[in-house]
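Participant:
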Ligand SMILES: [Zn+2]
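Residue numbers (my numbering): 4 to 242.
#1: Any heavy atom of ligand 1 inside 8 Å of the beta-carbon of residue 158?
#2: Would you say the beta carbon of residue 202 is closer than 8 Å to some non-hydrogen atom of ligand 1?
#3: So does residue 3 have its beta carbon nearer than 8 Å to some heavy atom of ligand 1?
#4: Measure the alpha-carbon distance for residue 234 versus residue 208 and round it to whole angstroms.
#5: Span of the alpha helix (DSSP H) holding residue 164?
#6: Tell me the rounded alpha-carbon separation between residue 165 and residue 203.
#7: How many angstroms separate the CA atom of residue 86 from the CA atom of residue 199?
#8: Do you know whose CA, among 116, 223 and 224, lies nearest residue 185's CA?
#9: Following a CB-centred definition, is residue 20 positioned closer than 8 Å to any heavy atom of ligand 1?
#10: Three-state secondary structure (DSSP) at residue 182?
#11: For the alpha helix (DSSP H) containing residue 79, list its first residue and its last residue.
#12: Can you tell me which of 159, 177, 176 and 214 puts its alpha carbon nearest to the alpha carbon of residue 77?
#13: Between which two residues does the beta strand (DSSP E) harbouring residue 110 extend?
#14: On the three-state DSSP scale, how would you describe residue 22?
#15: Does the beta-carbon of residue 175 have 16 or more other beta-carbons within 10 angstroms, so that it is buried, or is it exposed?
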């Protein structure tokens with residue numbers, strides 16, 4: 004970073020304006036409607052059927068993604084890499100994840116990803132958290148009680164993992180907060196049986212990274228796939 008210190012607030016104000024512009028272009032506000040509908044549906048189903056399968060105790064996921072966060076990320080990623088665009092024009096997207104930590108320091112500890120903030124898209128995307136406090140301050144304006152819990156970016160058609168650059172970027176995030184997560188989505192992998200995402204963290208010894216288990220709360224991969232398809236289709240129809 005060239006401008007240390009006093010220039011940050013203006014810079015991040017610009018970042019926020021950029022995020023808002025991307026959200027508007029992608030019509031990400033429409034996600035709320037999808038989530039609302041799905042929640043209603045889920046509620047109706049869960050009220051009538053409690054099967055043995057549900058009652059069985061399963062290992063809990065380390066990361067819980069709210070549908071809103073997942074759908075916004077998937078939409079952002081798919082808009083810049085999908086079958087209607089020539090493959091050589093596919094580009095990566097990047098954004099930040101906000102949320103909270105539940106049951107901290109207990110065996111039930113989970114990171115809850117509440118929202119996704121699209122930051123950029125292009126050939127060489129990168130985002131640096133230079134000062135956690137400034138980011139936190141800014142995002143408190145958007146969603147109180149939540150803080151930045153990590154970052155997300157896309158790997159169009161080359162599967163979720165951490166590249167050398169991703170690794171170095173994430174090391175910085177984990178230096179600010181050891182529980183930071185790096186979420187990678189391959190939007191082309193999204194299918195009725197796969198969310199197309201991987202969530203990663205770097206080991207304490209800083210030698211390698213590992214994958215965390217993740218679920219999208221109350222939405223199966225099939226439901227997500229359906230919603231995203233509808234979402235993308237509406238966008239095409241409107242344009
Ligand atoms: Zn990457």
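For every residue, glycine included, the Cβ atom is placed at its ideal position computed from N, Cα and C.
Facilitator: In brief:
#1: Translated into the one-based positions of the chain shown, residue 158 becomes position 155. It does: the Cβ of residue 158 is within 8 Å (strictly closer) of some heavy atom of ligand 1.
#2: Here residue 202 refers to the residue found at position 199 when the chain shown is read from its first residue. Residue 202: no, Cβ never under 8 Å from ligand 1.
#3: The structure shown does not extend to residue 3, since the chain is modelled only from 4 to 242, so the question has no answer here.
#4: Position 231 of the chain shown holds residue 234. Position 205 of the chain shown holds residue 208. Cα to Cα, residue 234 sits roughly 42 Å from residue 208.
#5: Translated into the one-based positions of the chain shown, residue 164 becomes position 161. Premise fails: residue 164 is in no alpha helix (DSSP H) and is neither H nor E.
#6: Numbered from its first residue, the chain shown carries residue 165 at position 162. Numbered from its first residue, the chain shown carries residue 203 at position 200. Each residue's Cα considered, the two are about 8 Å apart.
#7: Counted from its first residue, the chain shown places residue 86 at position 83. Counted from its first residue, the chain shown places residue 199 at position 196. So the alpha carbons of these two residues sit roughly 16 Å apart.
#8: For the purposes of this step, residue 185 is identified with residue 182 of the chain shown, where counting begins at 1. For residue 185, the nearest C-alpha among the options comes from 116.
#9: Counted from its first residue, the chain shown places residue 20 at position 17. Residue 20: no, Cβ never under 8 Å from ligand 1.
#10: The sequence position of residue 182 within the chain shown is 179, counting from 1. Three-state result, residue 182: coil.
#11: Position 76 of the chain shown, counted from the start, is the residue given in the question as residue 79. From DSSP, the alpha helix (DSSP H) with residue 79 extends over 70-82.
#12: What you label residue 77 is simply residue 74 of the chain shown in a count that begins at 1. Minimum Cα distance to residue 77 is reached at 159.
#13: Start at 1 with the first residue of the chain shown, and residue 110 comes out as number 107. Premise fails: residue 110 is in no beta strand (DSSP E) and is neither H nor E.
#14: Position 19 of the chain shown holds residue 22. Correct three-state label for residue 22: helix.
#15: On the chain shown, residue 175 is found 172 positions in, with the first residue counted as 1. The residue is exposed, with fewer than 16 neighbouring Cβ atoms inside 10 Å.
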